[in-house]
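Taking it in order: structure first as structure tokens, then the write-up.
There are 2 protein chains.
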Amino acid sequence: MPITANDPHRKSWLQVAENSDFPIQNIPFGVFITKEDVVTIGTRIGDFAIDMGALQQLGYFEGIDLTDDMFMQDTLNDFIGDGKKTWRLVRNRLADIFDADNAALRDNKTHRDVVVFNISDVEMQLPVHIGDYTDFYSSKEHATNVGKMFRDPENALLPNWLHIPVGYHGRSSTIVPSGIPVHRPMGQTLPNGETQPVFGPSRLVDFELETAFITTDANIMGENIPVNEAEDYIFGMVLLNDWSARDIQKWEYVPLGPFLAKNFASSISPWIVTLDALEPFRTASPKQEPEPLPYLQQRGNHAYDINLEVSITPENAEETLVSKSNLKYMYWTMSQQLAHHTINGCRINSGDMMGSGTISGPTEDSFGSMLELTWGGQKPIQMKDGSERKFINDGDTVIMRGFCQNNEVRIGFGEVSSKLLPPIPTKF
Amino acid sequence: MPITANDPHRKSWLQVAENSDFPIQNIPFGVFITKEDVVTIGTRIGDFAIDMGALQQLGYFEGIDLTDDMFMQDTLNDFIGDGKKTWRLVRNRLADIFDADNAALRDNKTHRDVVVFNISDVEMQLPVHIGDYTDFYSSKEHATNVGKMFRDPENALLPNWLHIPVGYHGRSSTIVPSGIPVHRPMGQTLPNGETQPVFGPSRLVDFELETAFITTDANIMGENIPVNEAEDYIFGMVLLNDWSARDIQKWEYVPLGPFLAKNFASSISPWIVTLDALEPFRTASPKQEPEPLPYLQQRGNHAYDINLEVSITPENAEETLVSKSNLKYMYWTMSQQLAHHTINGCRINSGDMMGSGTISGPTEDSFGSMLELTWGGQKPIQMKDGSERKFINDGDTVIMRGFCQNNEVRIGFGEVSSKLLPPIPTKF
Chain A
1 MPITANDPHR KSWLQVAENS DFPIQNIPFG VFITKEDVVT IGTRIGDFAI DMGALQQLGY
61 FEGIDLTDDM FMQDTLNDFI GDGKKTWRLV RNRLADIFDA DNAALRDNKT HRDVVVFNIS
121 DVEMQLPVHI GDYTDFYSSK EHATNVGKMF RDPENALLPN WLHIPVGYHG RSSTIVPSGI
181 PVHRPMGQTL PNGETQPVFG PSRLVDFELE TAFITTDANI MGENIPVNEA EDYIFGMVLL
241 NDWSARDIQK WEYVPLGPFL AKNFASSISP WIVTLDALEP FRTASPKQEP EPLPYLQQRG
301 NHAYDINLEV SITPENAEET LVSKSNLKYM YWTMSQQLAH HTINGCRINS GDMMGSGTIS
361 GPTEDSFGSM LELTWGGQKP IQMKDGSERK FINDGDTVIM RGFCQNNEVR IGFGEVSSKL
421 LPPIPTKF
Chain B
1 MPITANDPHR KSWLQVAENS DFPIQNIPFG VFITKEDVVT IGTRIGDFAI DMGALQQLGY
61 FEGIDLTDDM FMQDTLNDFI GDGKKTWRLV RNRLADIFDA DNAALRDNKT HRDVVVFNIS
121 DVEMQLPVHI GDYTDFYSSK EHATNVGKMF RDPENALLPN WLHIPVGYHG RSSTIVPSGI
181 PVHRPMGQTL PNGETQPVFG PSRLVDFELE TAFITTDANI MGENIPVNEA EDYIFGMVLL
241 NDWSARDIQK WEYVPLGPFL AKNFASSISP WIVTLDALEP FRTASPKQEP EPLPYLQQRG
301 NHAYDINLEV SITPENAEET LVSKSNLKYM YWTMSQQLAH HTINGCRINS GDMMGSGTIS
361 GPTEDSFGSM LELTWGGQKP IQMKDGSERK FINDGDTVIM RGFCQNNEVR IGFGEVSSKL
421 LPPIPTKF
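Chain order of the listed sequences is A and B.
The numbering of the first sequence is full-length UniProt numbering, which starts it at 1 and goes up by one.
The numbering of the second sequence is full-length UniProt numbering, which starts it at 1 and goes up by one.
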């Protein structure tokens with residue numbers, strides 16, 4: 001089925017600013033609450049939020065096989081569970097409804113009043129109920145930087161890294177949408193040179209610049225997903241700030257991996273941009289040397305050229321850009337991650353989320369964490385207000401943005417923005 | 001509120017065998033499907049399954065503040081979310097309904113016919129929707145055994161182990177109830193002495209003898225749960241077989257911890273035994289030296305004296321007991337695990353599951369995994385049918401049982417039993 005929604009020449013009857021992340025070619029999916037306290041599934045065009053529950057009630061999805069309340073829900077899980085054919089039909093239909101030449105909704109003010117909202121009048125929610133959250137570690141630059149700092153500069157990459165898209169399980173209960181503030185975590189750390197741990201607020205709170213993909217039901221327990229089919233089970237992508245407490249991580253992570261250093265919060269952008277919308281931005285991945293095992297070998301281009309930026313806005317001060325990276329630098333692709341995740345028969349459900357791992361590029365200004373940008377605090381970053389940052393301060397807002405751009409169209413993610421607050425005092 | 005359900009002198013009008021795990025003093029909670037395909041929440045007395053949905057419809061829970069369909073659900077999450085006071089009221093009421101001296105249901109055949117089923121006529125389900133699954137590593141004997149085998153025999157325990165109830169995130173999508181078979185996982189391993197990994201079925205599939213506890217909603221994001229209040233947020237416990245593939249684990253686990261070695265399957269017993277029912281079996285934990293940090297220091301007895309056994313039944317052969325252990329050996333308690341898990345503000349939801357980690361006792365016949373029992377395969381175990389086991393063979397059924405016993409009462413868990421099947425062929 002052709003992805004007619006991607007037609008770069010289509011214009012919408014809704015006004016869209018030149019540099020918008022959300023032209024009619026994007027049509028992402030999300031969940032929002034209106035001023036009337038109605039929760040609905042919706043999409044976004046320009047600065048307008050579209051109530052898809054209302055559209056469905058008004059018959060605009062007629063002819064597409066959907067349950068009656070498909071979009072009158074507080075998560076996208078059921079819709080995602082319907083599979084790729086349905087996603088594409090719905091996205092194509094939305095492009096058609098909002099096409100400049102389609103008068104049906106455009107000229108029906110009564111309908112428009114219950115369907116189209118100003119984006120500032122709705123409150124974005126977590127778009128899916130995330131059953132399981134997995135985080136990968138797929139940037140060679142990031143793994144090398146971390147290996148140089150914490151292990152052996154001469155053998156920075158561990159022996160398994162070039163063979164396995166290394167990943168681990170994260171915590172889904174603390175994934176929050178953009179806008180929700182995050183508290184600095186308390187915890188155990190081992191001060192340098194000491195043998196006894198101490199308790200207190202983490203002193204090294206960091207962001208990790210990541211993207212994440214959302215899956216549909218993909219297999220029964222025991223079955224694998226072949227690498228060359230894996231993209232069929234990926235609904236779309238979001239931006240992910242995988243908050244990290246470096247001092248807690250250092251003391252706790254051997255041998256079972258990061259735990260409290262990560263599970264206090266992970267923030268995501270609220271609009272899921274579909275893999276279909278990202279189709280024009282496919283590109284080649286870095287060459288994999290040595291060649292991976294056959295179950296990880298894939299044909300064609302499976303990386304995506306997505307520009308990524310991180311800024312920090314100190315309390316009552318101006319925003320400072322601290323990193324510019326790109327998803328295309330990643331050594332392992334999403335397809336390889338999903339194929340690896342299921343090669344042992346691990347079941348994948350609708351709404352599961354898988355993070356890319358910190359996305360660091362080849363240059364020092366493209367690293368995806370303060371740990372790397374300041375090289376463990378040795379090279380502080382200058383903020384526009386004159387202050388310096390080694391890690392994130394209380395009151396700082398960390399903002400990540402992402403977009404794809406070619407000669408014809410810009411497809412963006414909007415942003416994931418979250419403020420770091422001081423810890424809530426510990427109860428004893 | 002007194003736990004009247006624990007009265008050791010109470011008898012039920014339902015017949016209960018002498019050595020049953022489920023006397024009227026137990027009253028565990030589970031979810032089952034009847035022969036008529038009705039899904040309901042229920043309890044068990046002796047070999048009878050009790051339909052609590054039917055009991056509620058017939059008015060037997062009158063006076064307890066419950067939503068109308070509290071027990072007509074396919075998970076216990078909402079009930080668990082109601083909190084400890086409600087759990088206790090319902091359990092006390094059930095003890096009262098089935099008390100030998102209470103004629104209300106006993107003498108009402110019409111009611112009995114829709115409430116009481118033979119246990120063999122129902123099919124047990126997963127009792128909760130598990131949002132997040134965490135697995136700890138809290139047996140000093142197990143951590144020491146693993147450290148001796150894989151790291152340094154002289155420094156088997158890692159520096160953080162005596163300070164932190166070490167844990168990591170598991171995968172909730174592959175947690176299955178007793179009776180569901182499990183497929184041997186395929187995966188990458190590094191053969192001894194080689195530098196290039198190979199692909200194939202895991203050759204070292206193992207069980208891990210564990211218990212797990214199920215939580216209620218405990219905190220908002222950012223808040224901790226004090227160690228001395230933690231038990232109020234624990235609904236009850238199950239037996240857990242945390243299936244493990246040792247060869248996959250060895251190659252993948254540095255630096256982010258076990259992933260595909262664990263997430264192909266975890267099996268649990270279907271009846272959740274409440275912490276209230278286990279109250280008579282509280283006991284002291286091993287002395288903690290050095291003293292943990294203040295947020296982990298607790299008063300009183302918080303370990304539980306639960307006898308545990310593991311058997312292996314080869315295909316068409318007799319069962320062989322391979323291990324006898326006890327939960328009381330654990331160095332870190334459930335309260336300490338939950339206090340640690342939330343010290344950074346990690347949110348805990350109703351239905352989250354937390355595994356103890358492999359429960360190994362001090363003697364060689366009390367180790368909780370084949371890895372330890374056969375010391376990495378060096379000392380195979382003799383089966384009753386004459387065969388030997390280093391790890392688990394295709395066709396083997398692994399059975400774990402657990403029970404508490406004093407002079408007055410026996411409170412048991414039943415069993416978690418699961419058969420290992422050959423791998424499903426990999427699709428390329």
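Ideal Cβ placement from N, Cα and C applies to all residues, glycine included.
If you're wondering where the values come from, they're calculated on a predicted model, not measured in any experiment.
Give a yes or no on whether the minimum CB-CB distance between residue i and chain A is below 9 Å.
| i | result |
| --- | --- |
| residue 271 of chain B | no |
| residue 334 of chain B | no |
| residue 25 of chain B | no |
| residue 137 of chain B | yes |
| residue 427 of chain B | yes |
| residue 142 of chain B | no |
| residue 171 of chain B | yes |
| residue 83 of chain B | no |
| residue 293 of chain B | yes |
| residue 52 of chain B | no |
| residue 252 of chain B | yes |
| residue 231 of chain B | no |
| residue 344 of chain B | yes |
| residue 156 of chain B | no |
Closer than 9 Å, CB to CB, is residue i near chain B or not?
| i | result |
| --- | --- |
| residue 340 of chain A | yes |
| residue 38 of chain A | no |
| residue 188 of chain A | yes |
| residue 245 of chain A | yes |
| residue 257 of chain A | yes |
| residue 289 of chain A | no |
| residue 202 of chain A | yes |
Throw me the rounded Cβ distance for the residue i and residue j pair, which I believe falls under 8 Å.
| i | j | result |
| --- | --- | --- |
| residue 21 of chain B | residue 413 of chain B | 6 Å |
| residue 299 of chain B | residue 224 of chain B | About 18 Å; that fails the 8 Å criterion. |
| residue 133 of chain A | residue 353 of chain A | 5 Å |
| residue 80 of chain A | residue 351 of chain A | 6 Å |
Straight-line CA distance for residue i to residue j?
| i | j | result |
| --- | --- | --- |
| residue 6 of chain B | residue 408 of chain B | 11 Å |
| residue 108 of chain B | residue 243 of chain A | 59 Å |
| residue 130 of chain B | residue 172 of chain B | 6 Å |
| residue 348 of chain A | residue 425 of chain B | 18 Å |
| residue 210 of chain A | residue 280 of chain A | 21 Å |
| residue 44 of chain B | residue 190 of chain B | 47 Å |
| residue 256 of chain B | residue 143 of chain A | 11 Å |
| residue 112 of chain B | residue 313 of chain B | 37 Å |
| residue 251 of chain B | residue 160 of chain A | 7 Å |
| residue 420 of chain A | residue 222 of chain B | 11 Å |
| residue 416 of chain B | residue 214 of chain B | 16 Å |
| residue 238 of chain B | residue 175 of chain B | 12 Å |
| residue 4 of chain A | residue 151 of chain B | 58 Å |
Between residue i and residue j, is the Cβ-Cβ spacing less than 9 Å?
| i | j | result |
| --- | --- | --- |
| residue 396 of chain A | residue 315 of chain A | yes |
| residue 230 of chain B | residue 138 of chain B | no |
| residue 308 of chain B | residue 323 of chain B | yes |
| residue 399 of chain A | residue 311 of chain A | yes |
| residue 182 of chain A | residue 261 of chain A | no |
| residue 258 of chain B | residue 168 of chain B | yes |
| residue 358 of chain A | residue 369 of chain A | yes |
| residue 187 of chain A | residue 247 of chain A | yes |
| residue 66 of chain B | residue 57 of chain B | no |
By DSSP's criteria, residue i is part of a beta bridge. Which residues make up the other side?
| i | result |
| --- | --- |
| residue 404 of chain A | A:411 |
| residue 169 of chain A | A:134 |
| residue 183 of chain A | A:421 |
| residue 188 of chain A | A:199 |
| residue 398 of chain A | A:312, A:418 |
| residue 326 of chain A | A:307 |
| residue 362 of chain B | Its beta-bridge partners do not exist; DSSP assigns none. |
| residue 237 of chain A | A:213, A:273 |
Mind pulling the chain D residues with CB within less than 9 Å of residue i?
| i | result |
| --- | --- |
| residue 185 of chain A | Note that chain D does not occur in the displayed structure, where the protein chains are A and B. |
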